[in-house]
Amino acid sequence: MDKVVDSAAEAVADIAPGSSLAVGGFGLCGIPSTLIDAVFQAGTDRLEVISNNAGVDDWGLGLLLGAGRLRRVVASYVGENKEFARQYLSGELEVELTPQGTLAERMRAGGSGIPAFFTASGVGTQVAEGGLPWRYAADGSIAIASPAKQTQTFETPEGAKEFVLERAIIADFGLVRAWRGDRHGNLVFRDSARNFNPLAAMCGRITVAEVEELVEPGALDPNQVHTPGVFVHRVVALTPAQVSDKRIERRTVRPRSGVAR
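Be aware that the sequence shown starts at 96, since it is given in my numbering, and climbs by one per residue.
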C-alpha cells in the first residue's frame, strides 16, 4: 500500500479542533517541524499535545503554543520555552507533568494495547499521591489538581516494594520525523533523533511521518527498521530545503585551541 501523500497540508487536513497529538522529538532534535507548521498554517486549535516538551518560543510546538492553539500538554519538561512556563503559571494552559521514562512507557503501552502498568517511578511523591497542579486559576490557586493513583505492593528480588499504576496514552494522531522511510511507512530514525518518535508513532490512531529520504519498498534492510509500516498511515517526503531547515535549541561554543582571541 502506497501511503505517500503529496503535501504536509494534505496529511494533516483532517486534524480537527480539540484533537490529541502525540509528537516525536526531544528538545528540537527529531521534531516533525514540517507537519507542525502545516497544523499551524491550518489554524487548528484547542489541541492536546503529548510530547517530551513544547519546543522553543518560535519553533516546533512553540509555534502552536504562542498562537494559543494548545489547551493541554502532557510532557516531562517545560525547559527552554518561556511562553510555555508563562501560560502554565498564569492558568492559560493545562499541563500534566510526567516523569520522562513514565511518559515514554505510557506511549509505548498505548501502541501495544496495554491499558495500564505499574512502575516504581513517582512512588511516595505527588505523582502517586495527587495534588500536582494541572491548571492554575487566575489568582494563583490550583484550579485542577492531579488525582491520586492506585498503588500496590509487589514482591521483587530486593523484597516487597510499592508501585504506582500509570495509564497508557492513545492519541488521535501521531506526528513523527524519520531519517529514511519507504512508501509502505517503514521508518528508520538516525542517532538521537530516534528519541520519542517510535513511541509517538505507536500510540497515534492515525500516524503521519515526514521523512528526509523517501525510498522504494525493499530498499530498507528489515533488520534496521525501527518503526514498521503497520504503525504508519501517511508519509510525507520532505524537500531538500525542508530537510536542512533545522534549529539548535541552545548553541554553546568555546574557543578553538591555538586560535588567537
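Idealized CB from N, CA, C, for every residue including glycine.
Residue environment, serine 128, which counts as buried when at least 16 other CB atoms sit within 10 Å | Walking along the sequence shown from the start, residue 128 turns up at place 33. Buried, since its Cβ has 16 or more Cβ neighbours within 10 Å.
For arginine 167, three-class secondary structure by DSSP = By one-based count along the sequence shown, residue 167 stands at place 72. Arginine 167: strand per DSSP, three-state reduction.
Is the beta carbon of glutamine 136 sitting closer than 8 Å to the one on alanine 104?
-> As a first step, residue 136 is located in the sequence shown; it is residue number 41 there, counting from the start. As a first step, residue 104 is located in the sequence shown; it is residue number 9 there, counting from the start. Going by C-beta atoms, glutamine 136 is nearer than 8 Å to alanine 104.
Cβ separation of tryptophan 229 and serine 216, assumed to be a contact under 8 Å, to the nearest whole Å = Taking the first residue of the sequence shown as 1, we reach residue 229 at position 134. Taking the first residue of the sequence shown as 1, we reach residue 216 at position 121. Between serine 216 and tryptophan 229 the Cβ distance is about 18 Å, and since that is not below 8 Å, they are no contact.
Give the single residue among Asn147, Lys256 and Pro252 whose Cα lies nearest to the Cα of glutamine 195.
-> On the sequence shown, position 100 is the one that residue 195 refers to. If we check each option's Cα against that of glutamine 195, Asn147 comes out closest.
Contacts around proline 252, its chain only, beta-carbon distance under 8 Å, and the 5 residues preceding and following it disregarded = Walking along the sequence shown from the start, residue 252 turns up at place 157. Nothing listed; no residue qualifies.
Taking all protein chains shown into account, do 16 or more other C-beta atoms lie within 10 angstroms of the C-beta of proline 293, making it buried, or fewer, making it exposed?
-> The residue given as residue 293 occupies position 198 in the sequence shown. Buried is the call here.
When Met297, Ser171, Gly313 and Glu305 are compared against isoleucine 209, the one with the closest alpha-carbon | Against the sequence shown, residue 209 aligns to sequence position 114. Checked all of Met297, Ser171, Gly313 and Glu305; the closest Cα to isoleucine 209 is Met297.
Counting only the same chain and skipping the five closest in sequence on each side, list residues whose C-beta sits under 6 Å from that of valine 218.
-> Working through the sequence shown from its first residue, we reach residue 218 at position 123. Result list for valine 218: Glu257 and Val259, in chain order.
Considering only residues of the same chain and omitting the five flanking positions on each side of glycine 157, which have a CB-CB separation below 7 Å?
-> The residue labelled residue 157 in the question sits at position 62 within the sequence shown. Result list for glycine 157: Ala149, Gly150, Val151, Asn176 and Glu178, in chain order.
How about alanine 162 and glycine 299: do their beta carbons lie closer than 8 Å?
-> Here residue 162 corresponds to residue number 67 of the sequence shown, with the count starting at 1. Here residue 299 corresponds to residue number 204 of the sequence shown, with the count starting at 1. Not a contact, by the Cβ cut-off of 8 Å.
Where does the unbroken alpha helix (DSSP H) through arginine 201 begin, and where does it stop?
-> One-based indexing of the sequence shown puts residue 201 at position 106. From DSSP, the alpha helix (DSSP H) with arginine 201 extends over 195-207.
What does proline 228 pair with, by DSSP beta-bridge criteria?
-> Taking the first residue of the sequence shown as position 1, residue 228 is located at position 133. For proline 228, which the question treats as bridged, DSSP gives the partners Ala240.
Is glycine 125 near asparagine 290, with beta carbons less than 8 Å apart?
-> Here residue 125 is taken as the residue at index 30 of the sequence shown, counted from 1. Here residue 290 is taken as the residue at index 195 of the sequence shown, counted from 1. For glycine 125 and asparagine 290, yes; Cβs fall inside 8 Å.
Could you tell me the distance, in whole angstroms, from the CA atom of aspartate 101 to the CA atom of isoleucine 237?
-> Residue mapping note: residue 101 aligns to position 6 of the sequence shown, counting from 1. Residue mapping note: residue 237 aligns to position 142 of the sequence shown, counting from 1. Going from the Cα of aspartate 101 to the Cα of isoleucine 237 covers about 45 Å.
Residues in its own chain within less than 7 Å of proline 112 by CB, not counting five upstream and five downstream?
-> Residue mapping note: residue 112 aligns to position 17 of the sequence shown, counting from 1. The answer, listed in chain order, is Thr139, Asp140 and Arg141.
Comparing alpha-carbon positions, which option in Ala314, Ala106, Gly206 and Gln221 lies nearest alanine 243?
-> Residue mapping note: residue 243 aligns to position 148 of the sequence shown, counting from 1. The shortest Cα separation from alanine 243 among Ala314, Ala106, Gly206 and Gln221 belongs to Gln221.
May I ask you to report which of helix, strand or coil DSSP gives aspartate 267?
-> Numbered from 1 along the sequence shown, position 172 holds the residue referred to as residue 267. Correct three-state label for aspartate 267: strand.
Look up glutamate 307 in the DSSP assignment and say whether it is helix, strand or coil.
-> Counting from 1 along the sequence shown, the entry for residue 307 is found at position 212. Note: glutamate 307 maps to strand in three-state DSSP.
Drop a sphere of 10 angstroms on the beta-carbon of threonine 334, count the other beta-carbons inside from all chains shown, and report buried for 16 or more, exposed for fewer.
-> To locate residue 334, count along the sequence shown from 1; it is residue 239. With fewer than 16 Cβ atoms within 10 Å of its Cβ, threonine 334 is classed as exposed.
Looking at the unbroken alpha helix (DSSP H) that takes in arginine 351, where does it start and where does it end?
-> By 1-based counting over the sequence shown, the position of residue 351 is 256. Arginine 351 -> no alpha helix (DSSP H), and no H or E assigned at all.
Alpha carbon to alpha carbon, what distance is there between alanine 223 and phenylalanine 268?
-> Along the sequence shown, read from residue 1 onward, the residue named residue 268 stands at position 173. Along the sequence shown, read from residue 1 onward, the residue named residue 223 stands at position 128. Approximately 28 Å, taken between the alpha carbons.
Separation of valine 173 from valine 348, as counted between CA atoms = To locate residue 348, count along the sequence shown from 1; it is residue 253. To locate residue 173, count along the sequence shown from 1; it is residue 78. Distance between the alpha carbons of valine 348 and valine 173: 24 Å.
Where do the ends of the beta strand (DSSP E) carrying glutamine 337 lie?
-> As a working note, residue 337 is residue 242 in the sequence shown. Run containing glutamine 337: none in the beta strand (DSSP E); it sits in the alpha helix (DSSP H), 335-339.
Does the distance from the C-beta atom of leucine 160 to that of isoleucine 131 stay below 8 Å?
-> Within the sequence shown, the letter at position 65 stands for residue 160. Within the sequence shown, the letter at position 36 stands for residue 131. Contact flag unset, no.
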